[in-house]
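Going by the UniProt record's numbering, the sequence shown runs without a break in its numbering and finishes at 575.
The C-beta atom is built at its ideal place from N, Cα and C for all residues, glycine as well.
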Amino acid sequence: MTESGWMGRPRSHWVERLRQDVYDVIVIGGGITGAGIAREASLAGLRVAVLEAADFAAGTSSRSTKLIHGGLRYLAQGHVRLVREAGSERAVLRRLAPHLVEPVPFVLPIYRGMQHGKLTMATAIWLYDRLAGVVKKERRQVLSAAKLLQSHPHLSPHGLQGGVLYHEYVTDDARLTLATLQSASEWGAVVLNDCPVRNLLHADGKVCGVVAHDRVSGQPIVVSGRVVVNAAGPWIEDVLALEQGQDPAPAESFQQVAAGQDVSRPHAHRRATRVTHSRGIHLSFDAKRLPLPHALAVQTQDGRLVFLIPKGDICYVGTTDKRYAGDLLHPDVPEQEIAYLLDIVNSLRPDLLLTRADVIGIWSGVRPLVTAGGSEEGKDTKDVSREDEIWVSPAGLITIAGGKLTAYRKMAERVLNTLRNSLGANGDWTRRDELSARLPLFGAKEIPLANIESWWQLEVGQLIERYALSETEARSLLHRYGDRVEAVLSTGVARPVVPNVPLLEAEIAYMVRWEQANHLDDIISRRTELGRFRGLQLRELIEAVSMRMSTLLGWTEEDRQNEVTACLRECHVTK
Ligand SMILES: Cc1cc2nc3c(=O)[nH]c(=O)nc-3n(C[C@H](O)[C@H](O)[C@H](O)COP(=O)(O)OP(=O)(O)OC[C@H]3O[C@@H](n4cnc5c(N)ncnc54)[C@H](O)[C@@H]3O)c2cc1C
Numbered sequence: 001m002t003e004s005g006w007m008g009r010p011r012s013h014w015v016e017r018l019r020q021d022v023y024d025v026i027v028i029g030g031g032i033t034g035a036g037i038a039r040e041a042s043l044a045g046l047r048v049a050v051l052e053a054a055d056f057a058a059g060t061s062s063r064s065t066k067l068i069h070g071g072l073r074y075l076a077q078g079h080v081r082l083v084r085e086a087g088s089e090r091a092v093l094r095r096l097a098p099h100l101v102e103p104v105p106f107v108l109p110i111y112r113g114m115q116h117g118k119l120t121m122a123t124a125i126w127l128y129d130r131l132a133g134v135v136k137k138e139r140r141q142v143l144s145a146a147k148l149l150q151s152h153p154h155l156s157p158h159g160l161q162g163g164v165l166y167h168e169y170v171t172d173d174a175r176l177t178l179a180t181l182q183s184a185s186e187w188g189a190v191v192l193n194d195c196p197v198r199n200l201l202h203a204d205g206k207v208c209g210v211v212a213h214d215r216v217s218g219q220p221i222v223v224s225g226r227v228v229v230n231a232a233g234p235w236i237e238d239v240l241a242l243e244q245g246q247d248p249a250p251a252e253s254f255q256q257v258a259a260g261q262d263v264s265r266p267h268a269h270r271r272a273t274r275v276t277h278s279r280g281i282h283l284s285f286d287a288k289r290l291p292l293p294h295a296l297a298v299q300t301q302d303g304r305l306v307f308l309i310p311k312g313d314i315c316y317v318g319t320t321d322k323r324y325a326g327d328l329l330h331p332d333v334p335e336q337e338i339a340y341l342l343d344i345v346n347s348l349r350p351d352l353l354l355t356r357a358d359v360i361g362i363w364s365g366v367r368p369l370v371t372a373g374g375s376e377e378g379k380d381t382k383d384v385s386r387e388d389e390i391w392v393s394p395a396g397l398i399t400i401a402g403g404k405l406t407a408y409r410k411m412a413e414r415v416l417n418t419l420r421n422s423l424g425a426n427g428d429w430t431r432r433d434e435l436s437a438r439l440p441l442f443g444a445k446e447i448p449l450a451n452i453e454s455w456w457q458l459e460v461g462q463l464i465e466r467y468a469l470s471e472t473e474a475r476s477l478l479h480r481y482g483d484r485v486e487a488v489l490s491t492g493v494a495r496p497v498v499p500n501v502p503l504l505e506a507e508i509a510y511m512v513r514w515e516q517a518n519h520l521d522d523i524i525s526r527r528t529e530l531g532r533f534r535g536l537q538l539r540e541l542i543e544a545v546s547m548r549m550s551t552l553l554g555w556t557e558e559d560r561q562n563e564v565t566a567c568l569r570e571c572h573v574t575k
């Protein structure tokens with residue numbers, strides 16, 4: 001085998017499908033927004049194609065704080081719809097993917113002099129619980145300073161006034177995106193990564209398809225469709241630029257491209273800016289260096305919340321929020337922002353004296369924040385609304401921007417409502433309405449939410465017994481693949497690639513054949529979170545995975561070296 005596959009079929013099968021079929025909806029961008037739209041449209045019985053320039057979730061959707069949350073801060077900003085919607089969505093997403101979306105108790109300590117005092121925060125969280133429809137057992141509890149210090153004896157006691165215990169839901173953002181795309185594919189969507197859209201095609205002044213470039217074969221792919229949706233996240237302006245200021249390309253360009261002629265539009269003008277970019281970074285630490293009994297939410301001096309979230313044997317901290325104008329796919333990580341997060345942790349836990357040398361993983365992502373209409377221009381990025389917005393161009397290109405990982409299903413619903421005007425007769429809208437919030441994602445159909453604790457216990461026990469796995473390996477398999485674990489293990493050997501790292505040889509084969517992993521980083525940074533969390537073992541892991549992928553995908557030694565270099569760069573490993 002020298003090509004990857006998706007849902008058990010080789011990549012070439014999907015490329016052929018893209019060339020031959022005519023789609024109702026072509027989605028540009030395989031982040032969570034594009035994935036959500038693809039699932040909704042597929043559930044509505046529409047023929048859907050998703051084209052992703054790099055890898056699924058390679059943009060912002062693998063670089064978030066991984067919270068499915070209402071965002072307390074948005075309440076203070078008066079974004080009631082966002083809070084209410086996000087709150088109800090976390091219950092929906094828990095139902096759709098209980099292995100990927102889990103409730104986690106958070107403690108929010110309140111110190112004297114903080115922007116929001118104990119009463120304000122307790123009231124805000126009370127309101128948040130009501131607005132978001134939070135279930136009783138997860139509602140907030142107000143804690144005295146003494147009570148808080150009992151459970152968190154190492155918190156700095158100076159000026160501590162108490163705290164609030166409440167619940168947020170934590171996910172694996174990249175795998176949530178992947179599971180959503182896989183679900184769309186189960187309902188017929190054709191989904192391809194490493195396939196940037198380079199041109200839009202027009203007929204009678206309307207967008208009627210795209211020209212994409214298959215980076216694996218080096219060949220163009222012309223895909224025709226009735227509606228094109230621009231879900232390119234931080235890159236939406238680049239896609240809009242393909243359309244802006246151009247005479248509509250004639251429908252003959254289908255034939256021109258098929259004949260190998262270049263119909264790209266290098267001089268496309270940019271639109272007035274609709275989004276501004278803001279960078280956020282995260283740091284991870286060994287949980288032994290940053291041991292926490294609960295996740296923490298900490299108010300910063302500039303009125304934001306920074307989260308400290310334990311996850312297995314690591315703990316991650318984030319995020320920052322700074323206006324950004326650099327490389328969107330590989331945003332840099334300034335040392336000042338690392339120092340800023342370290343200072344926050346150290347002021348909260350002065351006993352730990354964490355330094356730069358304790359950081360075992362770093363990731364950096366870019367938020368596309370909607371500034372259209374000018375009302376948000378000039379604001380600090382932390383104050384720019386996180387609401388989403390949809391535009392339809394005169395040629396019919398639908399663009400969606402802004403929003404949150406948390407609200408992706410509702411954002412997709414809004415796009416679908418826009419599509420109904422043009423595709424009404426084609427869709428089975430009742431089926432979509434019935435299934436969207438109820439039908440579990442790929443990998444979650446056999447997971448009984450009502451008995452989730454027993455399910456975990458039983459499955460972990462069986463995996464340990466049957467495959468001689470460690471508990472960490474068994475749990476990480478269930479988190480990644482849910483009810484698909486047996487299918488994964490039937491693909492290869494249940495042996496760790498590197499000792500004490502939860503990644504089995506069988507998983508690499510599965511990710512290549514079923515999940516379209518074409519590059520080393522697809523596995524290290526997205527299909528697993530190991531690149532974000534593995535620190536000292538990362539080089540060894542990267543080497544070992546690259547050797548296995550070489551065999552599966554027929555890489556030369558030069559290919560392999562290039563993959564290793566690109567992966568180390570993505571993981572911010574410099575030494
Ligand atoms: C630091 C940070 C922390 C965050 N934390 C949270 C959080 O905890 N909870 C939450 O709900 N939200 C959070 N968010 C917001 C959330 O991550 C984003 O709203 C969401 O991931 C955006 O997804 P997207 O699909 O719109 O964009 P992306 O994930 O960036 O996807 C866009 C995709 O389009 C592709 N693309 C671009 N151009 C083309 C082209 N020409 N052809 C084909 N494909 C193309 C890109 O490669 C990319 O994969 C956070 C964001 C940041 C930056």
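- Assignment of Y324 by DSSP, reduced to helix, strand and coil, places it in the coil class.
- The straight-line gap separating the alpha-carbon atoms of V216 and V92 is approximately 36 Å.
- Straight-line measurement puts the Cα of L369 at about 17 Å from the Cα of I398.
- In the three-state reduction of the DSSP assignment, N346 falls in the helix class, which pools H, G and I.
- In the DSSP assignment, E52 falls outside any beta strand (DSSP E), carrying neither H nor E.
- Taking 7 Å as the cut-off, the beta carbon of W6 is found closer than this to the beta carbon of Q516.
- By alpha-carbon distance to E413, the top candidate from A395, E389 and A357 is E389.
- The criterion of a C-beta distance shorter than 7 Å is satisfied by A57 and G31.
- With a threshold of 16 other beta carbon atoms within 10 Å, L538 meets it and is buried.
- Within the chosen limit of 6 Å, ligand 1 does not reach the beta carbon of T180 with any heavy atom.
- Straight-line measurement puts the Cα of G361 at about 8 Å from the Cα of H572.
- In this chain, the beta strand (DSSP E) harbouring D24 covers V22 to I28.
- Sequence-distant Cβ neighbours of W429 in its own chain, meaning closer than 6 Å and more than five residues away, are A44.
- In the DSSP assignment, H282 falls within the unbroken beta strand (DSSP E) covering V275 to D286.
- Between the region 191-202 and the region 131-145, the count of C-beta pairs closer than 8 Å stays below three; the two stretches do not touch.
- Shown here, S183 sits in a helix according to DSSP, grouped into three states.
- Cβ neighbours of V512 within its own chain (closer than 6 Å, five residues either side excluded): S4 and L552.
- Distance check between G159 and each of Y111, L131 and Y166 places Y111 closest, using alpha-carbon atoms only.
- Within the same chain, Cβ atoms closer than 7 Å to the Cβ of L165 are found at P105, V107, R140, Q141 and L143, the five residues on either side in sequence being excluded.
- With a cutoff of 7 Å on beta-carbon distance, L478 and H99 are scored as near each other.
- According to the DSSP assignment, L458 belongs to no beta strand (DSSP E) but to the alpha helix (DSSP H) extending over I452 to Y467.
- The nearest non-hydrogen atom of ligand 1 is less than 6 Å from the C-beta of S61.
- The beta carbons of A174 and R495 sit no closer together than 7 Å.
- DSSP lists G402 as the bridge partner or partners of D388.
- Note on geometry: alpha-carbon atoms of M549 and V493 lie some 15 Å from one another.
- DSSP, read as helix, strand or coil, puts N426 in helix.
- Counting only residues of its own chain and dropping the five nearest sequence neighbours on each side, S347 has a CB closer than 8 Å to the CB of S156.
- Membership of K137 in any beta strand (DSSP E) is not indicated, and neither H nor E is assigned to it by DSSP.
- Boundaries for I37: no beta strand (DSSP E) harbours it, while the alpha helix (DSSP H) harbouring it runs I32 to L43, taken from the DSSP string.
- Beta-bridge analysis with DSSP links Y111 to L160.
- Per the C-alpha coordinates, the member of A212, D204, V333 and V27 positioned closest to R198 is A212.
- M411 is classed as buried because its beta carbon has at least 16 other beta carbons within 10 Å across all chains shown.
- Relative to the Cα of D327, the nearest Cα in the group A124, R532, P394 and G59 belongs to G59.
- Checking the DSSP bridge columns, you'll see K311 partnered with I314.
- The secondary-structure analysis by DSSP pairs I542 with nothing; it has no beta-bridge partner.
- Annotated three-state conformation of G117 is coil, per DSSP.
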